[in-house]
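Going by this note's numbering, the sequence shown opens with residue -3, and the numbers climb by one from there.
For glycine and all other residues, C-beta sits at the position ideal for the given N, C-alpha and C.
Notes to accompany the following structure.
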Amino acid sequence: MASKIAPLLAMSLLLFAVAAHGAGRSCPIDALKLGVCAGVLDGLVSVKIGAGGDDCCSLLGTLADLDAAVCLCTLKPPIDVSLVFNACRRSYPSGFTCY
């Protein structure tokens, strides 16, 4: 009986470890540097990106898509963060939601 439970227990521990690894991510970029992206978010409300868009896109370009999404969510933007991803020609992580 114990030999049948061992693989199930091992699989459960593995799935728990994988799920816990992605939880609680934080932004690896200094919040002050993200100020250039705040201007882009304001500009996107009128669907126009100014010169600040290049600065924001190059800053986010150093990050993986999920890390970039986490960083943008720290700004608590009044619009959908996926618009910034589209403006920077990046792929918004599927299933990701800002909270």
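Self-check item: Candidates L56, P24 and S22: closest to V32 by CA position
Solution: Indexing the sequence shown from 1 puts residue 32 at position 36. When C-alpha distances from V32 are compared across L56, P24 and S22, the shortest belongs to L56.
Quiz item: Would DSSP call C23 helix, strand or coil?
Solution: For the purposes of this step, residue 23 is taken as residue 27 along the sequence shown, with counting starting at 1. Annotated three-state conformation of C23 is coil, per DSSP.
Practice problem: Determine the contact status of L30 and L62, defining contact as a CB-CB distance below 7 Å. | Solution: Counting from 1 along the sequence shown, the entry for residue 30 is found at position 34. Counting from 1 along the sequence shown, the entry for residue 62 is found at position 66. Cβ atoms of L30 and L62: not closer than 7 Å.
Quiz prompt | Chain-order list of residues whose beta-carbon lies under 7 Å from that of P89 (same chain, five-residue window excluded) | solution = Your numbering for residue 89 matches position 93 in the sequence shown. The beta carbon of P89 sits closer than 7 Å to those of D61, L62 and A65, all from its chain and outside the five residues before and after it, given in chain order.
Quiz item: So, helix, strand or coil for T70, using DSSP?
Solution: Taking the sequence shown and counting its residues from 1, one reaches residue 70 at position 74. Helix.
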